[in-house]
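To start, the structure under review is shown below, and the notes come after it.
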Amino acid sequence: MATPELAIAKATLSATLFRADPTSLSRPVVEAFFPLLTNALAQCSRANVQKCKTWILDNVAPSTARTAALAKYFGVLSKNLQDDGSRPSLKRRRLHLLYVINDVLYHVVTRNGNIMFATAWDNVLPRLIASAAAFDNCPKHKKKIADLIRLWDEQLYFTSEVITKLEEALASGVAPQSAEETQVSNPSFKLAKDAPFSLPSFHGDQSVPWYDLPATTWLPHLTPNSTKPMFPDQIRPIQLAPGPADKVLVNAVQDLLGDVERMFSKEQKWNDDPTSDLNELGERVIVDEITGEIIGGETYYGWSRQFCEKMKQRKNKGAIRATDHEVLLGQHIKDPEFQETPEEEVSPAVVIGVSTDGAVLVTVEVAVEAEAAVVVSSTAVQEDDLTADHRLARLNASTTETFKII
527 MATPELAIAK ATLSATLFRA DPTSLSRPVV EAFFPLLTNA LAQCSRANVQ KCKTWILDNV
587 APSTARTAAL AKYFGVLSKN LQDDGSRPSL KRRRLHLLYV INDVLYHVVT RNGNIMFATA
647 WDNVLPRLIA SAAAFDNCPK HKKKIADLIR LWDEQLYFTS EVITKLEEAL ASGVAPQSAE
707 ETQVSNPSFK LAKDAPFSLP SFHGDQSVPW YDLPATTWLP HLTPNSTKPM FPDQIRPIQL
767 APGPADKVLV NAVQDLLGDV ERMFSKEQKW NDDPTSDLNE LGERVIVDEI TGEIIGGETY
827 YGWSRQFCEK MKQRKNKGAI RATDHEVLLG QHIKDPEFQE TPEEEVSPAV VIGVSTDGAV
887 LVTVEVAVEA EAAVVVSSTA VQEDDLTADH RLARLNASTT ETFKII
């Protein structure tokens, strides 16, 4: 089972490979590497090692950034390999990982003359050697590691300082901790409370397809409470104003880093905080120290408690509006003024012309006065005349012409 540290390292390597450095790799090409590496670790045959080496030479070696990301991934992978009792053993798989690196170093440094590729492994190799040598009563296994270090020294892959660190890691089974790692292990540095946060020019990589962009790039194309689909060709990285980040954003990032530290740190436990508790569902909640009321926490659904309460209030407000509208509408219907049909006043017909021989045109003037109810959008009702939702309308007098047989 992959650990969170290994999952993060794999995601970082994949994101680096998706960038155009020098050209972007498609997702199938990136995903094809991990089975190749797994096969090489399980069976260190010439064919498996060559397939893995060829993929690295084609897609990683030309880029310094990709090489550094691959080196970090190898370091985390070697550390997180599990001893599940299967064959080959854990120490053999860690040794096979070193064999893959050795084959790649020979082709990149010796044949292609790219010494910068080896430089990217200076800080990672001591940890790889230490993890491979962290076993007792296995002199043959450690001799194989010593032969690799001696070969790298003869081929001048690394400087004498790096070779010395590798030999020390082999002898002690513990990699020497660098100054950079010492700073990272400091909890205050992990939370980065004092580090300045700055915004990049774009949120997302312009060279990757829309489905590999951050989820926040979808927000401008989502309509709340609507099933309107998004158009993938319109999803682009979000342009930002580069510079210092807003204080609200910095606090959100620090809270996220604190949550990650609390969830994945081996030194911290959920009950270290006196304000934390577990409810009946096993959810972590934050209670008020004085009142004991729940003021925050987490849910199984990935939503914060504040968000759930906000959506609940929004739903209640919508129900109140609908109820108020029904009440007002019912009051208007029950009002006798709006139930009875207004009386119409019709003036007597006035005959303009009369003929006994046939049909003549008779002009009848009819004056009609009526009051009609017209609904408007306001929901407020005045107490005196109830005209906020209704206004009076008067029909103008009309003149009709008809034929009458006399």
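Take this note's numbering: the final residue in the sequence shown is number 932, and no numbers are missing along the way. Here a beta-carbon is modelled for each residue, glycine too, at the ideal position from N, C-alpha and C.
Under 7 Å Cβ to Cβ from Leu562, same chain only, skipping five residues before and after it: list those, please.
Lys577, Cys578 and Trp581
Between which two residues does the alpha helix (DSSP H) containing Gly933 stretch?
Nothing in the structure corresponds to residue 933, since the chain is present only between 527 and 932.
Backbone secondary structure at Leu682 - three-state DSSP
coil
State the Cα-Cα distance for the pair Gln681 and Thr636, rounded to the nearest angstrom.
8 Å
Under the three-state reduction of DSSP, which class applies to Ala885: helix, strand or coil?
Summary for Ala885: the model assigns pLDDT 43, below 50, so the residue's position carries little reliability, and this model does not support an answer.
According to DSSP, is Val943 part of a helix, a strand, or is it coil?
Since the first and last residues shown for the chain are 527 and 932, residue 943 lies out of range.
Val586 beta carbon less than 9 Å from that of Leu543
yes
Drop a sphere of 10 angstroms on the beta-carbon of Gly639, count the other beta-carbons inside from all chains shown, and report buried for 16 or more, exposed for fewer.
exposed
Checking the sheet assignment: what are the DSSP bridge partners for Gln765?
Phe728
Secondary structure at Arg933, three-state DSSP: helix, strand or coil?
As shown, the chain starts at 527 and ends at 932. That puts residue 933 outside it, with no answer to give.
Checking 9 Å against the spacing of the C-beta atoms, do Asp731 and Arg572 come in under that value?
no
Quick check on Arg572: does DSSP put it in helix, strand or coil?
helix
Does the beta-carbon distance from Pro740 to His747 come in below 9 Å?
no
Please classify Lys836: is it buried, with 16 or more other beta-carbons within 10 angstroms of its beta-carbon, or exposed?
exposed
Pro755 to Ala845, Cα distance in whole Å?
27 Å
When you compare the CB positions of Tyr644 and Leu654, do they come within less than 9 Å of one another, or not?
The question names Tyr, yet the displayed sequence has Ala at residue 644. Result no, Cβ atoms of Ala644 and Leu654 do not sit closer than 9 Å.
Measure the C-alpha to C-alpha separation of Val602 and Ser724 and round it to an integer number of angstroms.
28 Å
Quick check: what's the CA-CA separation for Ala568 versus Arg788?
34 Å
Which residues mark the beginning and the end of the beta strand (DSSP E) in which Arg619 is found?
No beta strand (DSSP E) contains Arg619, which is instead part of the alpha helix (DSSP H) from Leu616 to Leu631.
Which residues in the same chain as Gln760 place their Cβ atom closer than 7 Å to its Cβ, once the five residues preceding and following it in sequence are excluded?
His747
Ser802, DSSP secondary structure in three states:
strand
C-beta contact flag for Phe600 and Ile627 at 9 Å:
yes
6 Å CB neighbourhood of Leu775 in its chain, flanking five on each side removed
none
Just to confirm my understanding: we take Pro770, look at its own chain, exclude 5 residues before and 5 after, and list those with CB closer than 8 Å. What are they?
Pro722, Phe723, Ser724 and Leu725
Where Trp678 falls, given that 16 or more other Cβ within 10 Å makes a residue buried:
buried
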